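Residue numbers are given in the working numbering: position 21 of the sequence shown equals residue 28, and the series is strictly consecutive. Glycine residues also receive a C-beta, built at the ideal position from the N, C-alpha and C atoms. Here the structure is a predicted model, which means the values were calculated and not measured. A quick write-up on the structure given underneath.
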Amino acid sequence: MGIYQQTQGACAEALEQASPLPFAWAQAFPSWFQTPPPERVGLQGEYDYHGLQKRVEALFEQHFVSSELERLTVSQRGRVVILQGVVRDRAMLKRLVSLAKQVEGTYRVETNWVTDAAEQSLMLANLVPSGYSL
């Protein structure tokens with residue numbers, strides 16, 4: 008048996024014989040450090056890195072038909088909810104932003120990459136050269 012194995016064996020025996028440290032973890036850290044931040048809480052209250060995104064998506068699914076949301080993407084960057092894609096109209100976008108702001112943990116909602124269906128058809132019409140059709 009080599010010196011490394013002898014040392015490892017001695018250390019393992021010492022750890023097994025030692026009594027557990029009388030240390031209360033609950034008192035070592037403040038309470039805000041023991042619970043996940045609100046943007047990291049999942050659908051069932053568990054820790055989830057994308058928890059805010061999932062809770063916002065779930066709320067959207069409760070208030071809208073899935074066909075209205077199929078061209079919309081929800082993501083998160085910390086406490087910021089990011090909406091991207093195409094929505095039916097501006098009224099729907101306002102409703103989506105209002106709902107997202109109601110979810111605990113949301114600091115801001117970004118809609119820079121959202122267009123409504125009328126805007127998108129107008130943009131496509133301007134991109135297609137005259138004489139061609141979609």
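- In the structure shown, the three-state DSSP call for G58 is helix.
- Bridge pairing for V88: Q83, V116 [DSSP].
- Partner residues in the beta bridge of D123, as assigned by DSSP, are V94.
- DSSP places V48 within a strand segment (E or B) once states are collapsed to three.
- Between the alpha carbons of Q60 and M99 lies a gap of roughly 18 angstroms.
- With a beta-carbon spacing of about 12 angstroms, V121 and V88 fall beyond the 8 angstroms limit used to define contacts.
- Sorting R102, R95, V93 by C-alpha distance to the C-alpha of V63 places R102 at the top.
- Contact annotation: T113 and R84 have beta-carbon atoms that are not nearer than 8 angstroms.
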